[in-house]
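Structure first, then comments.
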Amino acid sequence: MDKMLEIKHLQKSYGDHQVLKDISAEIDNGQVICVIGPSGSGKSTFLRCLNLLETPTAGTVTFEGQELTGLNEKDLDDLREKMGMVFQNFNLFPNMTVLNNITLAPIKVKGIDQAAAEKTALELLTKVGLADKADAYPTSLSGGQQQRVAIARALAMNPDVMLFDEPTSALDPEMVGEVLEVMKDLAQDGMTMVVVTHEMGFAKEVADQVWFMDQGYIQEQGTPEEFFDHPTSDRAKQFLKKIL
Ligand code: ADP
Ligand code: MG
Numbered sequence: 001m002d003k004m005l006e007i008k009h010l011q012k013s014y015g016d017h018q019v020l021k022d023i024s025a026e027i028d029n030g031q032v033i034c035v036i037g038p039s040g041s042g043k044s045t046f047l048r049c050l051n052l053l054e055t056p057t058a059g060t061v062t063f064e065g066q067e068l069t070g071l072n073e074k075d076l077d078d079l080r081e082k083m084g085m086v087f088q089n090f091n092l093f094p095n096m097t098v099l100n101n102i103t104l105a106p107i108k109v110k111g112i113d114q115a116a117a118e119k120t121a122l123e124l125l126t127k128v129g130l131a132d133k134a135d136a137y138p139t140s141l142s143g144g145q146q147q148r149v150a151i152a153r154a155l156a157m158n159p160d161v162m163l164f165d166e167p168t169s170a171l172d173p174e175m176v177g178e179v180l181e182v183m184k185d186l187a188q189d190g191m192t193m194v195v196v197t198h199e200m201g202f203a204k205e206v207a208d209q210v211w212f213m214d215q216g217y218i219q220e221q222g223t224p225e226e227f228f229d230h231p232t233s234d235r236a237k238q239f240l241k242k243i244l
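In the UniProt record's numbering, the protein residues as written are 1 to 244.
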């Protein structure tokens, strides 16, 4: 199946504040989508609706052929395991070593035995360049290192899609590159990714599609070339003028 996620007429309101007004979009297997747009435009809300961390007010989200909206919590949890999520602030467990951060969910949720979980964790730590940090505690690591651990932790569940919500926004500038490198490798390995980001260089280089969100809609979708070089909507033009 080529289609991984299908979003149809998605709406989300908080009280009488309608954040997402009508969003329809599709994400294919292996695609990298970068979601960009002004602060407050609903990018995080949209991402959280994809795995139903937020319950949509209306519309449907279909993941690998299964409509998530309307599933019971148990079935939803099973499908959520296949959707990795990485947040701006890493959200590592501070009282656990890096290794235990990564093995916790595979052992507890998937029932993988400890030795196998640790083997996978070490492979993932090698992949993100932190094999020597397995026994370290998160607070002893830099922000960039913590975020790479968070990515390894999400990958340990062997997800089919990875959702990133501004993964480099909380980092000191000198650490942004190391995290983007890991994400670029992941994209090259064929991972399906939805990345909310302000890193336009990354979007240009890595995205298959750029989605520009504003005012509760995806105002524009296209390849990076189309979006950055030939934006069509006035809103996108205004946005690009401010940031580039
Ligand atoms: P972005 O990620 O693009 O900056 P958000 O999705 O975080 O935007 O927020 C979009 C709007 O929704 C903002 O006005 C925000 O205040 C509001 N919002 C987000 N989450 C909640 C919530 N849990 N309750 C009420 N309002 C919220
Ligand atoms: Mg946000």
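Every residue gets a Cβ at the ideal spot worked out from N, C-alpha and C, and that includes glycine. Computed from a predicted structure; not experimentally measured.
Assuming methionine 157 and alanine 105 form a contact by the criterion Cβ under 8 Å, report the distance between their Cβ atoms to the nearest whole angstrom. Taking the first residue of the sequence shown as position 1, residue 157 is located at position 157. Taking the first residue of the sequence shown as position 1, residue 105 is located at position 105. That pair is a contact at about 6 Å.
Given this structure, state the Cα-to-Cα distance separating glycine 201 from asparagine 29, to the nearest angstrom. In the sequence shown, the residue the question calls residue 201 occupies position 201. In the sequence shown, the residue the question calls residue 29 occupies position 29. Their Cα atoms are separated by approximately 23 Å.
Which residues in the same chain have their Cβ closer than 7 Å to the Cβ of isoleucine 243, if we skip the five residues on either side of it in sequence? Locating residue 243 in the sequence shown gives position 243, where the first residue counts as 1. Cβ neighbours of isoleucine 243 beyond the five flanking positions: Met200.
Among Lys184, Ala203, Tyr14, which residue has its Cα nearest to the Cα of glutamate 226? As a working mapping, residue 226 is identified with position 226 in the sequence shown. Here the closest residue by C-alpha is Ala203.
Just to confirm, is the Cβ distance from valine 182 to valine 149 under 7 Å? As a working mapping, residue 182 is identified with position 182 in the sequence shown. As a working mapping, residue 149 is identified with position 149 in the sequence shown. No, they are not a contact pair.
With a cut-off of 8 Å, do at least 3 Cβ pairs link the region 179–193 to the region 29–41? yes
For the alpha helix (DSSP H) that lysine 237 lies in, which residues bound it at each end? Taking the sequence shown and counting its residues from 1, the one referred to as residue 237 is at position 237. First-last of the alpha helix (DSSP H) with lysine 237: 234–243.
To test your reading of the DSSP string, which unbroken alpha helix (DSSP H) runs of 4 or more residues are found completely within the region 90–126? 98–108
Which residues neighbour the ligand ADP when neighbourhood means a C-beta less than 5 Å away from any of its non-hydrogen atoms? List them by chain order. Tyr14, Val19, Ser39, Gly40, Ser41, Gly42, Lys43, Ser44, Thr45
Local Cβ density within 10 Å of serine 39, reported as buried at 16 or more and exposed below that: Locating residue 39 in the sequence shown gives position 39, where the first residue counts as 1. Result: exposed.
What are the partner residues of valine 222, as DSSP defines its beta bridges? To locate residue 222, count along the sequence shown from 1; it is residue 222. Valine is not the amino acid found at residue 222; the sequence shown has glycine there. Answer by DSSP bridge pairing, in chain order: Val210.
Assuming contact is defined by CB atoms lying nearer than 7 Å, are glutamine 146 and proline 138 in contact in what I supplied? By one-based count along the sequence shown, residue 146 stands at place 146. By one-based count along the sequence shown, residue 138 stands at place 138. Going by C-beta atoms, glutamine 146 is nearer than 7 Å to proline 138.
Can you confirm whether methionine 183, when its beta carbon is compared against all beta carbons of chain D, has any partner nearer than 7 Å? In the structure shown, chain D cannot be found, because there is only a single protein chain.
Along the alpha helix (DSSP H) that carries lysine 74, what are the first and last residues, could you check? Walking along the sequence shown from the start, residue 74 turns up at place 74. Residues 73–80.
I'd like to check one pair, leucine 163 with leucine 10: are the Cβ atoms closer than 7 Å? For the purposes of this step, residue 10 is taken as residue 10 along the sequence shown, with counting starting at 1. For the purposes of this step, residue 163 is taken as residue 163 along the sequence shown, with counting starting at 1. No, Cβ-Cβ distance for leucine 10 and leucine 163 is not below 7 Å.
Helix, strand or coil for glutamate 205, going by three-state DSSP, please let me know. Reading the sequence shown from its first residue, position 205 is the one you call residue 205. Glutamate 205: helix per DSSP, three-state reduction.
Give every residue of the same chain whose Cβ lies closer than 7 Å to the Cβ of alanine 136, excluding the five residues on either side of it in the sequence, and list them in chain order. As a working note, residue 136 is residue 136 in the sequence shown. Around alanine 136: Thr97, Val98.
For the alpha helix (DSSP H) holding threonine 45, just list the boundary residues, first then last. In the sequence shown, the residue the question calls residue 45 occupies position 45. First-last of the alpha helix (DSSP H) with threonine 45: 43–50.
According to DSSP, simplified to helix, strand and coil, what is methionine 200? Within the sequence shown, residue 200 is the residue found at index 200, counting from 1. Three-state result, methionine 200: helix.
Span of the beta strand (DSSP E) around glutamine 31: Sequence index remark: in the sequence shown, residue 31 carries index 31 (1-based). That residue, glutamine 31, is in no beta strand (DSSP E); it is neither H nor E in DSSP.
Taking the C-alpha atoms as reference points, what is the distance between valine 19 and serine 13? In the sequence shown, the residue the question calls residue 19 occupies position 19. In the sequence shown, the residue the question calls residue 13 occupies position 13. Spanning the two alpha carbons is a distance of roughly 5 Å.
Quick check on the burial criterion: 16 or more other C-beta atoms within 10 angstroms. Buried or exposed for alanine 236? Along the sequence shown, read from residue 1 onward, the residue named residue 236 stands at position 236. Alanine 236 should be labelled buried.
Classify proline 110: buried if its beta carbon has 16 or more other beta carbons within 10 angstroms, exposed otherwise. Along the sequence shown, read from residue 1 onward, the residue named residue 110 stands at position 110. The identity of residue 110 in the sequence shown is lysine, whereas the question assumes proline. It counts as exposed.
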